[in-house]
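What follows is a single structure, written as structure tokens, with notes after it.
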Amino acid sequence: AELARSRTVGLRSKAKREVKLLMNNAVRSGDDQAVHKRAVCAPGLAREALLDVLTLSRCDIVLKTSSQLSAWAKIFRPTLPIYRVNAFNKRWFPDADIPLYEAPDAPDNIRSLLHPLQEGEGESGGGALLPE
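Positions in the sequence shown are counted from 1; adding 33 to them yields the numbering used here.
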């Protein structure tokens, strides 16, 4: 947490507002199993999830990972500028309305990180699909 905070000190948005880092003291996984997929969910987990997604919906812009939770910020605020950094089935709800992040002017090291995440964009897969 301190490393993240130290890297945001003095950063400003395009609108010249100070960049704020919000971190909730929430239940997090200590291994590779998601906390919501355990046999017993921690008390308050749904409340924490809702607070996280509502907080994201109030951001100026969101770069989201494969988390479906973050995609719901677009539902709470349809005008939210939000982009996916990873490939997804284009008909997978709610990611269907979230464009893939493109960074043609980014440094090579950033593009090399994005490339493997974005391979397979638009391929079919499971999940809750929207009709074509």
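Quick reminder that beta carbons are idealized off the backbone N, C-alpha and C, glycines included. In this text, all values refer to a predicted model and were calculated from it rather than measured experimentally.
C-alpha gap between residue i and residue j, whole angstroms
i, j, result
"N58", "R38", "15 Å"
"S46", "K53", "10 Å"
"A72", "P132", "34 Å"
"H69", "P76", "11 Å"
"Y134", "S90", "18 Å"
"L147", "G43", "26 Å"
"D85", "P140", "30 Å"
"G160", "D65", "Here the model assigns G160 a pLDDT of 48, short of 50, so the residue's position is not dependable, and the following value carries that caveat. Taking the straight line joining both Cα atoms gives about 21 Å."
"D166", "C74", "No answer is possible for residue 166: it lies beyond the span of the chain, which begins at 34 and ends at 165."
"D128", "Y116", "9 Å"
"R80", "R110", "18 Å"
"E154", "A82", "27 Å"
"I143", "K97", "15 Å"
"L36", "S99", "23 Å"
"A136", "E152", "15 Å"
Range covered by the beta strand (DSSP E) that runs through residue i
i, result
"R117", "I115 to R117"
Sequence-distant residues of its chain with Cβ nearer than 6 Å to residue i (five each side left out)
i, result
"T41", "V52 and L54"
Neighbourhood of residue i by C-beta distance below 7 Å, restricted to the same chain and skipping five residues each side
i, result
"L113", "S90, V95, A106 and K107"
"S62", "V68"
"A104", "K97, P127, D128 and I131"
Whole-number beta carbon distance between residue j and residue i, since they are thought to touch under 8 Å
i, j, result
"L150", "A120", "7 Å"
Enclosing alpha helix (DSSP H) for residue i [first to last residue]
i, result
"R61", "Segment: none, R61 is in no alpha helix (DSSP H) and carries neither H nor E."
"E51", "Run containing E51: none; DSSP gives neither H nor E here."
"L36", "E35 to T41"
Same chain, Cβ closer than 8 Å to residue i, five either side skipped, listed in chain order
i, result
"L102", "A82, D85 and V86"
Practice item. Give, in chain order, every unbroken run of the beta strand (DSSP E) that is at least 3 residues long and sits entirely within the stretch 88-154. Key: 95-97 and 115-117
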